[in-house]
Structure formats: structure tokens, C-alpha cells
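Number of protein chains: 2
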Amino acid sequence: MRYPKGVKKQYEKLVSYSNRGMCLENDINCSNEFYLINDIAVIYKKPTPITVNKVDYKGRNDAVIKEAHYITPSTTDYNGIYKGRYIDFEAKETMSKTAFSLSNIHKHQLDHLSSIYRHKGIGFVIVRFNSLSETYLLEIEKMNDFLANNIRKSIPITFFKEKGYLIKDSFNPRIDYLKIVDLIIKENENEK
Amino acid sequence: MRYPKGVKKQYEKLVSYSNRGMCLENDINCSNEFYLINDIAVIYKKPTPITVNKVDYKGRNDAVIKEAHYITPSTTDYNGIYKGRYIDFEAKETMSKTAFSLSNIHKHQLDHLSSIYRHKGIGFVIVRFNSLSETYLLEIEKMNDFLANNIRKSIPITFFKEKGYLIKDSFNPRIDYLKIVDLIIKENENEK
Numbered sequence: 056m057r058y059p060k061g062v063k064k065q066y067e068k069l070v071s072y073s074n075r076g077m078c079l080e081n082d083i084n085c086s087n088e089f090y091l092i093n094d095i096a097v098i099y100k101k102p103t104p105i106t107v108n109k110v111d112y113k114g115r116n117d118a119v120i121k122e123a124h125y126i127t128p129s130t131t132d133y134n135g136i137y138k139g140r141y142i143d144f145e146a147k148e149t150m151s152k153t154a155f156s157l158s159n160i161h162k163h164q165l166d167h168l169s170s171i172y173r174h175k176g177i178g179f180v181i182v183r184f185n186s187l188s189e190t191y192l193l194e195i196e197k198m199n200d201f202l203a204n205n206i207r208k209s210i211p212i213t214f215f216k217e218k219g220y221l222i223k224d225s226f227n228p229r230i231d232y233l234k235i236v237d238l239i240i241k242e243n244e245n246e247k
Numbered sequence: 056m057r058y059p060k061g062v063k064k065q066y067e068k069l070v071s072y073s074n075r076g077m078c079l080e081n082d083i084n085c086s087n088e089f090y091l092i093n094d095i096a097v098i099y100k101k102p103t104p105i106t107v108n109k110v111d112y113k114g115r116n117d118a119v120i121k122e123a124h125y126i127t128p129s130t131t132d133y134n135g136i137y138k139g140r141y142i143d144f145e146a147k148e149t150m151s152k153t154a155f156s157l158s159n160i161h162k163h164q165l166d167h168l169s170s171i172y173r174h175k176g177i178g179f180v181i182v183r184f185n186s187l188s189e190t191y192l193l194e195i196e197k198m199n200d201f202l203a204n205n206i207r208k209s210i211p212i213t214f215f216k217e218k219g220y221l222i223k224d225s226f227n228p229r230i231d232y233l234k235i236v237d238l239i240i241k242e243n244e245n246e247k
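Residue numbers (this note's numbering), protein chains in the order written: chain W, 56 to 247; chain Z, 56 to 247.
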């Protein structure tokens, strides 16, 4: 990334604020880059949606956004293709050692993942329990099973251990979640 | 969309500028909404990527972007899932009656679509010849065939007529491009 002159200080301020919970995102972005470079999969993080109120047009290709707001995304952060399968997921971090609170994830993001599952894609969440240094992948259909049978607003880590998959840290890719997707594809094929 | 007070005039200026070539985009967005509501497919336009330089944080959920720039997207505008298939495409309009100039589309977007094809997704461009009121869908592999055998920097409309598919306008969805995707899926299955 390149920054225009004179905004560095302001930018650092931004980073120190927004960096909270960015490690998982960075790990996933780096893993996706590894997958892309090695032609294993094509999976990208979608840009954060904003609504623009004011723009300065200096020229055809020189627009500076002067006022904009972040808006609630209607979908998840990541999607793409792997072995001909449509992949879609959301990634979240939590400091809790015992449970993942559902307040961390929007209802319409769960709905989105459910419709991906209905259309025969592979939809899941990746949740990192920071205090434990453990990262789990949980398929949306298993998450929905939990939600259908429980009234509590958080998913205990025991559920992730039982029904999800632990993603082991590695050097490159940092978070090799496609190894887990391979297991899911295999299971799906066995069920047929 | 809601606009804060006092920016309306500025916003109108923006619309009148940026509305150029937005009709196809609007038609596709409306068609995607139709597909979504009727649970036919889950296909979204990705947000336009920007890089943010200055943000005012008034509170945890109240950030106003004060300076940002549009950046070149590394992928295409649209992707999603239909009948278990990964769908990915770019949509462009041209005023030309004879050819689609390749200057309208970034090289890395074509590379992206080619890698989608390699990973067994369905990648294409939708091109509307505004002066003719004709909209075509052309698969990336056919576009690549053209590029491999021609040095010219534009694809004549005759090539779209021969190797692409005309998408007929309809009321709802406005641009029923999934009808064409059905044909492509059928053809791919026949080839196996």
C-alpha cells in the first residue's frame, strides 16, 4: 500500500485502532495468496462495503472520496472457488476461552451461508479462540443444527471440538483451511 | 439509501457523473435480486475497492471516512453460486456498434476469469452494445481463443454473434443471463 504524503500520522492512528482482531484476517489473506500463487484455489476477501456521500472529481481517473460511511455487509467476507466448488465463509476472533458469542456474526450472514449450503456450495465460519491459540472451522449446517436445538446465544467451544475441525497452524499457508475443505468434500461424496 | 442533511446537492453531482454506463449494472443487480428472492441463485456485485487514508472515529460503530481513493480491482465485479456452480463475470457497456475494445477491461480481470475456468467455474463477460440495444454473454475460454489468434485490441461484434450468446431483454429478471448459463452447463455436460 502507498500513502499520500502528510497523512502518515493519521494513518497510524487508524491502524492502531482497527488492528484489533486483524491477525486472523491477515493469516487468511496470506493463505489465500499462497493458494492463488500456487494455482490451488481462487479465494478473495471482498472489499468492505461503504456508502459514499461526497467525492471530489479532479479528473476522469482522479476521484477523492471526501465523505463516506461503512455499511453492514449483506454477505460474508470471503468467497471463491476450489476444485470446482463454490467456497464461502466468515472469519471471527474471540477472546473468550469457553464460547463464541453469536453477537459477533450478523443474522443475515448466517442466512447467506445457509443459502450457499442450499445451493450446494461449501459454507462455514472460521473462529479463532485467541486466548487458546486455537482456530476452528465449523460448517454452516452444523452451526444451524446447534441453533435449532439451543436457545443460548453463544456456541460453546466443546461444540467446535465435537462438530467442527481444528485448523492447525503452519508456516505457509498460515491457516491451511483447504485441507479441512478436502475432508468435507470427501465426506459429502461418501454421503451420496 | 439515506443521505445526511446538507450533502444532497453534492450527491446529485456525483450521480450525474457516475451514472454513465450504469444501466447494465442496474439491470444485473435487479436480476440478481430476483434470483436471490426466488432462491434461484446467490450472486452479488462486490463492493468497489477503496483505500482509506483518513477516518474520524466518533465511537465504536460511528466511523466517517474523510479521505479515500478508488483502487483498481484485482477481480471481477460479480460472483456467486448457481446450481452448485461457481459463477464469475464482468459486465461492460460500449457505445460502439461494431466492436468491444479491450481497453474496457483490465488484463488482470481476464487473468482472473481464466483461472476461474481452470478451477472449473463458469467465467464470462456480459457486454452491452448500447447503440444496438444488444447484450451478449461471452465465455472467457472463447474470448481467450480470440485473443490467442488475433493481434487486434478489440473484439468485433460478429465474434459475439458467432461465439457468444445474445441475452434477450425481459421484464423480470431484466437480464436473464442464467438462462444462458443453463445452456453452458448443458454443453459442458455433453462434452464430458
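Backbone N, C-alpha and C define an ideal beta-carbon position, used for all residues, glycine too.
In this text, all values refer to a predicted model and were calculated from it rather than measured experimentally.
- DSSP, reduced to helix, strand and coil, places W/H174 outside both helices and strands of the structure shown, so it counts as coil.
- Spatial neighbours of W/Y141 in its own chain (CB-CB distance under 6 Å, excluding positions within 5 residues in sequence) are listed in chain order as G176.
- In its chain, beyond the 5 residues on either side, no residue has a beta carbon closer than 6 Å to the beta carbon of W/S170.
- For Z/L202, the enclosing alpha helix (DSSP H) begins and ends at I195 to N204.
- Around W/I240, the same chain offers no residue with a beta carbon nearer than 6 Å, after the five sequence neighbours per side are excluded.
- Annotation: W/G114 has no Cβ neighbours in chain Z at a cutoff of 8 Å; minimum Cβ distance is about 11 Å.
- When DSSP states are grouped into helix, strand and coil, W/H163 belongs to the helix group.
- Judged by pairs of C-beta atoms under 8 Å, the stretch 108-118 of chain Z does not touch the stretch 88-98 of chain Z, as fewer than three such pairs exist.
- Take the alpha-carbon of W/H174 and the one of Z/Y137: they are about 7 Å apart.
- In the DSSP assignment, Z/Y141 forms a beta bridge with Z/I136.
- Collapsing the DSSP output to three states places W/I240 in a helix.
- Closest in C-alpha terms to Z/F201, from the list Z/D82, Z/N134 and Z/L157, comes Z/L157.
- A contact is defined here as three or more CB-CB pairs under 8 Å, and the stretch 223-233 of chain W meets this definition with respect to the stretch 77-86 of chain W.
- The criterion of a C-beta distance shorter than 8 Å is not satisfied by Z/I120 and Z/P104.
- A direct Cα-to-Cα measurement between W/E148 and W/S186 gives close to 10 Å.
- Cβ proximity to chain Z below 8 Å picks out H167, S170, I171, R173 and H174 from the stretch 155-174 of chain W.
- Put simply, the CB of Z/K247 is far from chain W, with every gap to its CB atoms at 8 Å or more.
- Between Z/D117 and Z/T131, the CB-CB gap reaches or exceeds 8 Å.
- For W/S129, the three-state secondary structure derived from DSSP is coil.
- Sequence-distant partners of W/T190 (beyond 5 residues in either direction) whose C-beta falls short of 6 Å from its own C-beta, in its chain, are R183 and I222.
- Chain-order list of chain W residues neighbouring Z/Y99: S129 and T130, by C-beta distance under 8 Å.
- In this chain, the alpha helix (DSSP H) harbouring Z/L91 covers C78 to I92.
- Put simply, the backbone Cα of W/L238 is about 37 Å away from that of Z/I160.
- Judged by beta-carbon spacing, Z/A154 lies within the 8 Å limit of Z/I210, meaning their Cβ atoms are closer than that value.
- For the pair W/I206 and W/G178, the CB atoms are not nearer than the 8 Å cut-off.
- DSSP places Z/F226 outside any beta strand (DSSP E), giving it a letter other than H or E.
- Z/Y141 has a beta carbon lying within less than 8 Å of a beta carbon in chain W.
- By the CB criterion at 8 Å, W/K197 and W/K218 fall inside the cutoff.
- Under the three-state reduction of DSSP, W/I181 is assigned to strand.
- Here W/K152 carries a coil assignment [DSSP, helix/strand/coil].
- Judged by DSSP secondary structure, W/T106 falls within the beta strand (DSSP E) whose first and last residues are I105 to G114.
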